[in-house]
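Written below as structure tokens is the structure these notes are about.
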Amino acid sequence: MDLGDMNLSYIKIIVENETVSESASQLPKFQDGALTLYQSNAFLTHPGLCPALFRKDQRSVALVDVVNDGIKDLRSKYVILIYTSYEACKEECVKPPPGHLKSFGTLLSQNQPSFVDYNLLDLLLIHQVLAPGCLHSLPLLLA
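The sequence shown maps to residues 1 to 143 in UniProt numbering.
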């Protein structure tokens, strides 16, 4: 995970099935000092958007946020494709404009690693399954 890659200390606590009912009903939990987060996307993005932890300035925080929003938009297409109409919209969903994917590589190459890199990697692996060879013309994303 991002925290380990950035050499930040963290404690991973595994809750056994027998004790789940005794803990918070919304698992997993992320705690940063006095701040406690239970929603998965919140604790994924909090460290990545926190200037004190990873970012040098507000510009880099905003850049990471913009890239993540673009990835979420593309992922929404996959949700529609996979769960509603695979055959009807496969071509449209797996072939975004090359410029759309290229912009992810360009933006991320200007920034230090963050949670967005993991989010994009997951999305690109899905995309390669749906459209093999789709990244051959995008060397920054193949790297």
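For every residue, glycine included, the Cβ atom is placed at its ideal position computed from N, Cα and C.
From what residue to what residue does the beta strand (DSSP E) around D32 run? For this step, residue 32 is matched to residue 32 along the sequence shown. Taken as a continuous stretch (DSSP letters only), the beta strand (DSSP E) holding D32 covers 30-32.
Can you tell which of Y78, F30, H100, L101 has the C-alpha that lies nearest to the C-alpha of E91? Taking the first residue of the sequence shown as 1, we reach residue 91 at position 91. For the residues Y78, F30, H100, L101, the minimum Cα distance to E91 belongs to Y78.
Alpha carbon of L138 to alpha carbon of L63, nearest angstrom: The residue labelled residue 138 in the question sits at position 138 within the sequence shown. The residue labelled residue 63 in the question sits at position 63 within the sequence shown. L138 and L63: Cα-Cα distance of roughly 20 angstroms.
From V67 to V116, what does the alpha carbon distance come to, in whole angstroms? As a first step, residue 67 must be located in the sequence shown, where it is residue number 67. As a first step, residue 116 must be located in the sequence shown, where it is residue number 116. Distance between V67 and V116, taken at the CA atoms: about 7 angstroms.
Pick from L130, L140, N119: whose alpha carbon is nearest that of K72? Start at 1 with the first residue of the sequence shown, and residue 72 comes out as number 72. With respect to the C-alpha of K72, the residue from L130, L140, N119 having the closest C-alpha is N119.
Residues sharing a beta bridge with T36, DSSP: As a first step, residue 36 must be located in the sequence shown, where it is residue number 36. Answer is Q31.
Tell me which same chain residues have a C-beta within less than 7 angstroms of the C-beta of R75, skipping the five on either side of it? Taking the first residue of the sequence shown as 1, we reach residue 75 at position 75. Cβ neighbours of R75 beyond the five flanking positions: L123.
Residues in the same chain with beta-carbon distance under 8 angstroms from Q110, minus the five sequence neighbours each way, listed in chain order, please. For this step, residue 110 is matched to residue 110 along the sequence shown. Here the set comprises L63.
Using three-state DSSP, classify L140 as helix, strand or coil. Here residue 140 is taken as the residue at index 140 of the sequence shown, counted from 1. Taken through DSSP and simplified to helix, strand or coil, L140 comes out as helix.
Collapsed DSSP secondary structure at T106 in the structure displayed: Counting from 1 along the sequence shown, the entry for residue 106 is found at position 106. DSSP places T106 within a helical segment (H, G or I) once states are collapsed to three.
For S114, count neighbouring Cβ atoms within 10 angstroms of its own Cβ and tell me buried if that reaches 16, exposed if not. In the sequence shown, the residue the question calls residue 114 occupies position 114. S114 is buried by the Cβ-count criterion.
Quick check on the burial criterion: 16 or more other C-beta atoms within 10 angstroms. Buried or exposed for I14? Residue mapping note: residue 14 aligns to position 14 of the sequence shown, counting from 1. Exposed, because fewer than 16 other Cβ atoms sit within 10 Å of the Cβ of I14.
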